[in-house]
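Okay, so here's the structure we're looking at.
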Amino acid sequence: MKNLIRRWFGSGSAQSKMAGSIPASIAEFDGKALDIAVAATWHERIPHPEWREVQAWVESFEEESRAAALLACTRAWLGMLAQTLGPGYRVFESGAALVLSERPDNEARAMLDFVENSRRRVRRVLEDLASEEVAKEVLLSFSDRETYSRYAARYCPDIDETMVSAGMFLHADRSHFIVHGDELWRMEPTIVHELTHAQLAHLDLPLWVNEGIAVNTEQRLTRLGADAFDVKALEEKHAAFWTIENIQRFWDGRAFKQDGDESELAYDLARLLINGACQDWSAFKRFASAASADDSGAQAAAQFLDVDLGEAVRHFLDAPSGDWGPRPDVWPEAVVVEPE
252 MKNLIRRWFG
262 SGSAQSKMAG
272 SIPASIAEFD
282 GKALDIAVAA
292 TWHERIPHPE
302 WREVQAWVES
312 FEEESRAAAL
322 LACTRAWLGM
332 LAQTLGPGYR
342 VFESGAALVL
352 SERPDNEARA
362 MLDFVENSRR
372 RVRRVLEDLA
382 SEEVAKEVLL
392 SFSDRETYSR
402 YAARYCPDID
412 ETMVSAGMFL
422 HADRSHFIVH
432 GDELWRMEPT
442 IVHELTHAQL
452 AHLDLPLWVN
462 EGIAVNTEQR
472 LTRLGADAFD
482 VKALEEKHAA
492 FWTIENIQRF
502 WDGRAFKQDG
512 DESELAYDLA
522 RLLINGACQD
532 WSAFKRFASA
542 ASADDSGAQA
552 AAQFLDVDLG
562 EAVRHFLDAP
572 SGDWGPRPDV
582 WPEAVVVEPE
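Be aware that the sequence shown starts at 252, since it is given in the working numbering, and climbs by one per residue.
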């Protein structure tokens, strides 16, 4: 059992075994200081740093010192959040991650170890698709949906508690991911899913490719896939739902943002397409590196996978002939590319 736990969470660094702390909101580095709280903007009773000011402060240092200066600002940001959200929130840090959490020390440290260990495993799965970024991962773990929703509303203005997912990767500002949940084991698939998005953020991926890779990685590293009954039921739902008209919402990303069956089916269709495409892993990596959200990866799929995306979907759905592929000319002006 102890060996199993070590495989799940890692052995833990000396830092991660320390109790959580509440850092000051003042970033200090190399004789300079920046109070993150002074210029913070408030949204839904939660402060957010003025990241342009942070970036300007970081860029005042020599290039080789900027990563350390940004880390100082990141600690100050999390300290500001901990002070605002309540006395139970603390910051936990390891060599590769920072976690803000209200959970008991042992659970927060397990989460921190899981994030660090999972990042290594995700990077191992993605190989050279993974980002070269070496900054520490930042995970904000909220104890309840209401606080999670208030925080997320800063980045997703239309969100409400009825639309809340288990977690989200936020590209804007200092990229980070947020989760909520009552039990650590329930959060582990979300953490891996969001870590995968973080490692892919440097690529111009269509949303279906990004989500398909994340779902497959999540299932590979944290749990078994759906059983045969679920697969059969989903196949029937796919065949009944998708049409030549609404398949464009899958290709342009809108389907992933809908409630109910459409979102569920979009994620599953992405999973299925990526699961098939990555059978030739070398070719798939070339495809993913070249895929563009502008045409939902159609040109890259033809070039590197020798696959017509429309025909691939039509074959899976066992649908009549027609133009099932991406058609950017009928999409809304703004293509949806931000993953959740």
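Note that CB positions come from ideal geometry on N, CA and C, so glycine has one too. If you're wondering where the values come from, they're calculated on a predicted model, not measured in any experiment.
Are there 16 or more other CB atoms within 10 angstroms of the CB of residue i, so buried, or fewer, so exposed?
i, result
"P571", "exposed"
"S533", "exposed"
"T447", "buried"
"G346", "exposed"
"E353", "buried"
"A423", "exposed"
Cα separation between residue i and residue j?
i, j, result
"R500", "L458", "11 Å"
"E344", "V564", "44 Å"
"A521", "E515", "10 Å"
"G476", "G463", "Residue confidence is low: G476 scores 49 on pLDDT, short of 50, so the model does not pin down where it sits. Its coordinate-derived value is still stated next. Taking the straight line from one Cα to the other gives about 13 Å."
"A491", "N497", "12 Å"
"R578", "D546", "7 Å"
"K536", "G337", "44 Å"
"R425", "L321", "9 Å"
"Y518", "D574", "21 Å"
"Q530", "N467", "12 Å"
"G330", "L560", "47 Å"
"D580", "G527", "27 Å"
"K283", "D409", "39 Å"
"E301", "H489", "44 Å"
"N461", "R471", "15 Å"
"E469", "M438", "11 Å"
"S276", "L351", "14 Å"
"G271", "N357", "10 Å"
"R296", "R396", "15 Å"
"K387", "Q450", "12 Å"
"E378", "P590", "20 Å"
"W436", "Q554", "41 Å"
"L285", "Y399", "27 Å"
"A465", "H566", "23 Å"
"L512", "E445", "Checking the displayed sequence, the identity of residue 512 turns out to be Asp instead of Leu. Rounded to the nearest angstrom, the two C-alpha atoms are 22 Å apart."
"P335", "A278", "It should be noted that the sequence gives Thr, not Pro, for residue 335. Answer to the nearest angstrom: the Cα atoms are 17 Å apart."
"Q509", "F280", "44 Å"
Report the residue from the options whose alpha carbon sits nearest the alpha carbon of residue i.
i, options, result
"E383", "S394, R371, T494, S392", "R371"
"R405", "F567, A284, P298", "P298"
"Q306", "G511, N357, T325", "T325"
"A539", "T494, V581, L454", "L454"
"A403", "D379, K387, H431", "H431"
"P483", "L568, R374, E397", "Residue identity check: residue 483 is Lys in the sequence provided, not Pro. For the residues L568, R374, E397, the minimum Cα distance to K483 belongs to L568."
"I248", "Q509, W493, L456, T473", "Because residue 248 is not part of the residues shown, which for the chain are 252 to 591, the question remains open."
"R401", "H294, G418, D364, T494", "H294"
"M362", "T398, V389, D379, V558", "V389"
"D503", "E315, L485, A549, E310", "A549"
"I273", "G339, W308, D281, E314", "G339"
Quick one: measure Cβ to Cβ for residue i and residue j, integer angstroms, because I've assumed they're closer than 8 Å.
i, j, result
"V366", "I442", "6 Å"
"A348", "R341", "A348 to R341, Cβ: 14 Å. No contact."
"A290", "E304", "5 Å"
"A541", "A551", "4 Å"
Bridge partners for residue i per DSSP, in chain order?
i, result
"K283", "F280"
"V350", "F343, L390"
"M419", "I429"
"I273", "Looking at the DSSP assignment, I273 forms no beta bridge with any residue, so it has no partner."
"I297", "H294"
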